[in-house]
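Participant:
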Amino acid sequence: MLDQIHLLAAVTVLGVLEQAYFFLQVIYARRMFGISPPKISGPPEFERIFRAQVNSSEYFPIFLALLWQAGLFFHQGLAAALGLVYLCSRYCYFMGYRASSSERLAPIYFGTGVLWVLVAVAALGLSHFFLAHYVGLNILRLLTA
Amino acid sequence: MLDQIHLLAAVTVLGVLEQAYFFLQVIYARRMFGISPPKISGPPEFERIFRAQVNSSEYFPIFLALLWQAGLFFHQGLAAALGLVYLCSRYCYFMGYRASSSERLAPIYFGTGVLWVLVAVAALGLSHFFLAHYVGLNILRLLTA
Amino acid sequence: MLDQIHLLAAVTVLGVLEQAYFFLQVIYARRMFGISPPKISGPPEFERIFRAQVNSSEYFPIFLALLWQAGLFFHQGLAAALGLVYLCSRYCYFMGYRASSSERLAPIYFGTGVLWVLVAVAALGLSHFFLAHYVGLNILRLLTA
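Chain order of the listed sequences is A, B and C.
Per the working numbering: the first sequence = residues 1485 to 1629.
Per the working numbering: the second sequence = residues 1485 to 1629.
Per the working numbering: the third sequence = residues 1485 to 1629.
1) Are any of the Cβ atoms in chain B nearer than 7 Å to that of residue 1613(A)?
2) Where does residue 1525(B) fall in DSSP's three states?
3) Against chain A, which members of the stretch 1544-1573 of chain C pass a CB distance test of less than 7 Å?
4) With 7 Å set as the bound, which would you pick, yes or no: does the beta-carbon of residue 1542(A) sit closer than that to a beta-carbon of chain F?
5) Answer with buried or exposed for residue 1583(A), where buried requires no fewer than 16 other C-beta atoms within 10 angstroms of its C-beta.
6) What separation, rounded to the nearest whole angstrom, lies between the Cα atoms of residue 1556(A) and residue 1566(A)?
7) Would you give the residue range spanned by the alpha helix (DSSP H) that residue 1575(A) belongs to?
8) Report the rounded CA-to-CA distance for residue 1537(B) versus residue 1578(B), giving the unit in angstroms.
9) Answer yes or no: does any C-beta atom of chain C fall closer than 7 Å to that of residue 1503(A)?
10) With a cut-off of 7 Å, does the C-beta of residue 1528(B) fall near any C-beta of chain A?
11) List, in chain order, every chain C residue whose beta-carbon is nearer than 9 Å to that of residue 1602(A).
12) Helix, strand or coil for residue 1615(B)? Go by DSSP, reduced to three states.
13) Output needed in chain order: residues of the stretch 1485-1499 of chain B with a Cβ under 9 Å from some Cβ in chain C.
14) I'd like to know whether the C-beta atoms of residue 1542(B) and residue 1525(C) end up nearer to each other than 7 Å.
15) Going along the stretch 1585-1602 of chain B in order, which residues come within less than 7 Å of chain C, judged by CB to CB distance?
16) Using a 10 Å radius around the Cβ and a threshold of 16 neighbouring Cβ atoms, would you call residue 1622(C) buried or exposed?
17) Where residue 1606(A) and residue 1505(A) are concerned, what is the direct C-alpha to C-alpha distance, given to the nearest angstrom?
18) Could you list which residues in chain A have their beta carbon closer than 8 Å to that of residue 1606(C), in chain order?
19) Are the CB atoms of residue 1513(C) and residue 1533(C) nearer to each other than 7 Å?
20) Which of the three DSSP states, helix, strand or coil, is assigned to residue 1597(A)?
21) Could you give the distance in angstroms between the alpha-carbon of residue 1613(B) and the alpha-carbon of residue 1491(B)?
22) Determine the direct distance from the alpha carbon of residue 1493(C) to that of residue 1553(B), and round the result to whole angstroms.
23) Rounded to whole angstroms, what is the Cα-Cα separation between residue 1595(C) and residue 1569(C)?
24) Determine, for residue 1582(B), whether the minimum Cβ-Cβ distance to residues of chain C falls below 7 Å.
25) Among the candidates 1502(A), 1551(A), 1520(A), whose CA atom is the shortest distance from the CA of residue 1497(B)?
26) Just confirm the distance between the C-beta atoms of residue 1517(C) and residue 1530(C), as a whole number of angstroms; I'd bet it's less than 8 Å.
27) Ordered along the chain, which non-local residues of its own chain (more than five positions away) have a Cβ less than 7 Å from that of residue 1603(A)?
28) Among residues of its own chain, excluding the 5 on either side of residue 1624(B), which ones have a beta-carbon nearer than 8 Å to its beta-carbon?
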């Protein structure tokens, strides 16, 4: 069973390490700007780093949910590859947002696009499974016959 | 194996689409009220939509965790049905909160109730598994014997 | 299959109950300090409880992701035990943060340490699987031969 999820598991752990990196950046920014918890407001330079981390945290469960459904019901390798592309776009988003609000836009649009591809891949895989399971219709076999 | 999780996977993807809808509503509200990131405060009309999305994001991993444990250890169909009811209550919560703070109350109470049912279902399924696995006591078989 | 994940599932449900407890504390604090949603700012006593819940919510998906990869690819019992230790440290963190900002530090450092151990355990298990799967190298067998 593990050979059907090991790539998804590896991308998941990489994603956790990226989240850890973002959390550390907020801790450094708190020290640099002298903003102690529980305060979350400060100069725009701090608020951009803080919001970049919060946004990444909010998207993380969504990303994992899509990664695993796409990998389990469509193709593990494709889902893991898309997952790596997403993690790269998140890194660019964080670095862009830290520099300026407008520089976050290109990577967030790209990353959201990758998530929509994962949605489509998961939906395709699930549709194929539902048709085969409930209607007895195997589309892949029909197409290749 | 996939036939034991396909309903859970489908509800998971639906839940992701609902979260995507909530994110889009915040983006539209930011444009309408002219509140650019990283700012998160503004008129109550904006803050209600923003907080509705944040609250839904915080509950999303909790919902998924319960959905899957209830589905794996008790009954996939029941867990998926409860999951659909929860997603509906979340939609009503979001729409209610957007209208006024008090209109969020009824759907959030209902949705939290659904989550507690999922907790109970997961706990029942896990208790049954633990008793059978460690004590050798099969309650279902005792009840039907 | 369920006997390979039942301890992980039980710790997951316990973690959900802990999150529910944190959410309730915020609701009580809102009532006590008279801070109605969507407001999130108030006296430091309220903001500390609020931020403790937000921080715990942000870490929850990260914790679950590590718990399951460590449990699936290394050892379920060890991962579940580390998970219980983490949940205890989160409780201490919440109670400490409620009392004062500085009292959150010791438990958050400890809890983060537990997460890093889970990262290491998951990475070890995954590395072992990748080596055996792609290189045909079984380290455990080599060590015990």
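Note that beta-carbon positions come from the ideal geometry of N, C-alpha and C, so glycine has one too.
Facilitator: The relevant details are as follows:
1) Against the first sequence, residue 1613(A) aligns to sequence position 129. For residue 1613(A), a Cβ of chain B is located within less than 7 Å of the residue's own Cβ.
2) By one-based count along the second sequence, residue 1525(B) stands at place 41. In the three-state DSSP reduction, residue 1525(B) falls in the coil class, being neither helix nor strand.
3) Hits within the stretch, in order: 1545, 1546, 1549, 1550, 1553, 1556, 1557.
4) Within the model displayed, chain F is absent; protein chains A, B and C are what it includes.
5) As a working note, residue 1583(A) is residue 99 in the first sequence. Looking at its Cβ environment, which holds fewer than 16 other Cβ atoms inside 10 Å, residue 1583(A) is exposed.
6) One-based indexing of the first sequence puts residue 1556(A) at position 72. One-based indexing of the first sequence puts residue 1566(A) at position 82. Cα-Cα distance, rounded: 14 Å.
7) Here residue 1575(A) corresponds to residue number 91 of the first sequence, with the count starting at 1. Segment 1560-1583, the alpha helix (DSSP H) holding residue 1575(A).
8) The residue you call residue 1537(B) lines up with position 53 of the second sequence. The residue you call residue 1578(B) lines up with position 94 of the second sequence. Their backbone Cα atoms lie some 7 Å apart in a straight line.
9) Taking the first sequence and counting its residues from 1, one reaches residue 1503(A) at position 19. Judged by the 7 Å Cβ criterion, residue 1503(A) is in contact with chain C.
10) The residue labelled residue 1528(B) in the question sits at position 44 within the second sequence. No, residue 1528(B) does not count as interfacial toward chain A.
11) What you label residue 1602(A) is simply residue 118 of the first sequence in a count that begins at 1. Close to residue 1602(A), with beta-carbon spacing below 9 Å, lies no residue of chain C; the smallest spacing is near 16 Å.
12) Mapped onto the second sequence, residue 1615(B) falls at position 131. In the structure shown, residue 1615(B) falls within a helical segment according to DSSP collapsed to helix, strand and coil.
13) Only 1485, 1488 from the stretch 1485-1499 of chain B bring a Cβ to less than 9 Å from some Cβ of chain C.
14) In the second sequence, residue 1542(B) corresponds to position 58, counting from 1. In the third sequence, residue 1525(C) corresponds to position 41, counting from 1. Here residue 1542(B) is not near residue 1525(C), since their CB atoms are 7 Å or more apart.
15) If the cut-off is 7 Å between Cβ atoms, the stretch 1585-1602 of chain B has 1585 near chain C.
16) Looking up residue 1622(C) in the third sequence gives position 138. Label assigned to residue 1622(C): exposed.
17) Here residue 1606(A) refers to the residue found at position 122 when the first sequence is read from its first residue. Here residue 1505(A) refers to the residue found at position 21 when the first sequence is read from its first residue. Looking at the backbone, the Cα of residue 1606(A) and that of residue 1505(A) are separated by about 28 Å.
18) Here residue 1606(C) refers to the residue found at position 122 of the third sequence. Within 8 Å of the CB of residue 1606(C), the CB atoms of chain A belong to 1493, 1497, in sequence order along the chain.
19) Walking along the third sequence from the start, residue 1513(C) turns up at place 29. Walking along the third sequence from the start, residue 1533(C) turns up at place 49. The Cβ atoms of residue 1513(C) and residue 1533(C) lie closer than 7 Å to each other.
20) Along the first sequence, read from residue 1 onward, the residue named residue 1597(A) stands at position 113. Taken through DSSP and simplified to helix, strand or coil, residue 1597(A) comes out as helix.
21) As a position in the second sequence, residue 1613(B) is number 129, starting the count at 1. As a position in the second sequence, residue 1491(B) is number 7, starting the count at 1. Here the alpha carbon of residue 1613(B) sits roughly 21 Å from the alpha carbon of residue 1491(B).
22) Residue numbering aside, residue 1553(B) sits at position 69 when the second sequence is read from its first letter. Residue numbering aside, residue 1493(C) sits at position 9 when the third sequence is read from its first letter. Taking the straight line joining both Cα atoms gives about 6 Å.
23) Reading the third sequence from its first residue, position 111 is the one you call residue 1595(C). Reading the third sequence from its first residue, position 85 is the one you call residue 1569(C). Roughly 8 Å between the two C-alpha positions.
24) By one-based count along the second sequence, residue 1582(B) stands at place 98. Taking Cβ atoms only, chain C never reaches closer than 7 Å to residue 1582(B), which makes this a no.
25) Residue numbering aside, residue 1497(B) sits at position 13 when the second sequence is read from its first letter. The option with the nearest alpha carbon to residue 1497(B) is 1551(A).
26) In the third sequence, counting from the first residue as 1, residue 1517(C) sits at position 33. In the third sequence, counting from the first residue as 1, residue 1530(C) sits at position 46. Rounded to the nearest angstrom, the Cβ distance from residue 1517(C) to residue 1530(C) is 4 Å, consistent with a contact under 8 Å.
27) By 1-based counting over the first sequence, the position of residue 1603(A) is 119. The answer, listed in chain order, is 1550.
28) Working through the second sequence from its first residue, we reach residue 1624(B) at position 140. So the list reads 1612, once near-sequence residues are dropped.
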